[in-house]
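This report concerns only the one structure given below.
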Amino acid sequence: MFAEERREKILSKIKSMRRVFAKELAEEFQVSIDTIRRDLTVMEEDGLLKRTHGGAVLLSKVRRFPMDEKIRFSEGTEHQNAVAKLAASYIEQGDTIFIGGASIHYVLLKYLPVDRDYTVITNALIIAEKLKNFANIETYIVCGKIKSEEGIVDPMATEFIRTLRIDKAFLTGGGISANHGLSSSTPEGAIFQRVVAEISRRKICLANFDKVGTEFFARTLDLRDLDVLITDWEAPDEELEKIQQRGVKVLVVNEEN
Numbered sequence: 005m006f007a008e009e010r011r012e013k014i015l016s017k018i019k020s021m022r023r024v025f026a027k028e029l030a031e032e033f034q035v036s037i038d039t040i041r042r043d044l045t046v047m048e049e050d051g052l053l054k055r056t057h058g059g060a061v062l063l064s065k066v067r068r069f070p071m072d073e074k075i076r077f078s079e080g081t082e083h084q085n086a087v088a089k090l091a092a093s094y095i096e097q098g099d100t101i102f103i104g105g106a107s108i109h110y111v112l113l114k115y116l117p118v119d120r121d122y123t124v125i126t127n128a129l130i131i132a133e134k135l136k137n138f139a140n141i142e143t144y145i146v147c148g149k150i151k152s153e154e155g156i157v158d159p160m161a162t163e164f165i166r167t168l169r170i171d172k173a174f175l176t177g178g179g180i181s182a183n184h185g186l187s188s189s190t191p192e193g194a195i196f197q198r199v200v201a202e203i204s205r206r207k208i209c210l211a212n213f214d215k216v217g218t219e220f221f222a223r224t225l226d227l228r229d230l231d232v233l234i235t236d237w238e239a240p241d242e243e244l245e246k247i248q249q250r251g252v253k254v255l256v257v258n259e260e261n
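The end of the sequence shown is residue 261 by the numbering used here, with every number in the run present.
Put into structure tokens, the structure is as follows:
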């Protein structure tokens, strides 16, 4: 089989499965794993996929349309749980923190500490609904027009959040890269998160591996405006190094965590 033919089959496979593993591809096509890695590198350079440590994932479009809530608000992936668990360790007694309405924020709820008192500001109804059951958390929800996909992000919400001050904001987006910073699917969501960052003393970005090196439609923050990036073991080392060189503290959780 010629290289081009093999790469066409790899592309077809990744479109249907959304991710592939180099070891499995090597076995399927009966070639060395180095050959598959070269294939994936060429395909990434051609903008066809995004490489990970173990293989590759489907390259995201610059906009992501609404996800089914049963998928979005679920137990989360192994990577999301690892990132969320480490993020929760940053919450201290007396903190005022921001938690949005992304899937990683929903996973974060499982790991919120219950042995200390703190305040949570959120712009997502589903997050507020869950938080009301925590006796140790005082919860405030941002006012504005309700929008299910990104939470409440309209101008009223943006003006409301601007009047507050936050100790730690747990931010996320469609992607984060050294060249484009943190980015989101919509300008409205990006603007809202930018204001959250402006009023927060510490900005912590939560991004599992498939977001690292990905650039979405609307820029949310430059890297210089972020303090910490928490990601996982499959995030591309080269991109993480570039992000770190721009002044962001990068924390990578291990698979066993």
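Idealized CB from N, CA, C, for every residue including glycine.
9 Å Cβ cutoff met for residue i and residue j
| i | j | result |
| --- | --- | --- |
| Q197 | S189 | no |
| G155 | F220 | no |
Under the three-state DSSP convention, the category residue i falls into
| i | result |
| --- | --- |
| R120 | coil |
| E142 | strand |
| R262 | Any answer about residue 262 is impossible in this case: the structure gives the chain only from 5 up to 261. |
| K149 | coil |
| L168 | coil |
| R55 | strand |
| L62 | strand |
| F220 | coil |
| S107 | helix |
| I101 | strand |
| I180 | strand |
| V157 | coil |
| R23 | strand |
| V257 | strand |
| N85 | helix |
| A91 | helix |
Span separating the alpha-carbon of residue i from that of residue j
| i | j | result |
| --- | --- | --- |
| D50 | T56 | 16 Å |
| T218 | H83 | 16 Å |
| L255 | I95 | 16 Å |
| L236 | V87 | One point to set straight first is that residue 236 is Asp, not Leu, in the sequence displayed. Distance between the alpha carbons of D236 and V87: 6 Å. |
| P159 | A106 | 19 Å |
| V118 | Q97 | 10 Å |
| E163 | T45 | 45 Å |
| S181 | I247 | 7 Å |
Proximity to residue i [Cα-Cα], best of the options
| i | options | result |
| --- | --- | --- |
| F25 | E243, V46 and G59 | G59 |
| T123 | Y144, H109 and L15 | Y144 |
| F138 | L113, E242, G155 and N127 | L113 |
| E242 | F213, F164 and I130 | F213 |
| A7 | K253, A30 and L90 | A30 |
| R228 | V257, V252 and R206 | V252 |
| D99 | K13, L230, K172 and V257 | K172 |
| V157 | L225, N127, D43 and F174 | N127 |
For residue i, the residue or residues it bridges with in DSSP
| i | result |
| --- | --- |
| C209 | L175 and L233 |
| L225 | L186 |
| F6 | None; F6 has no bridge partner. |
| S204 | I170 |
| T126 | I103 and I145 |
9 Å Cβ cutoff, residue i in contact with chain B
| i | result |
| --- | --- |
| F25 | Although the question refers to chain B, the structure presented lacks it and comprises just one protein chain. |
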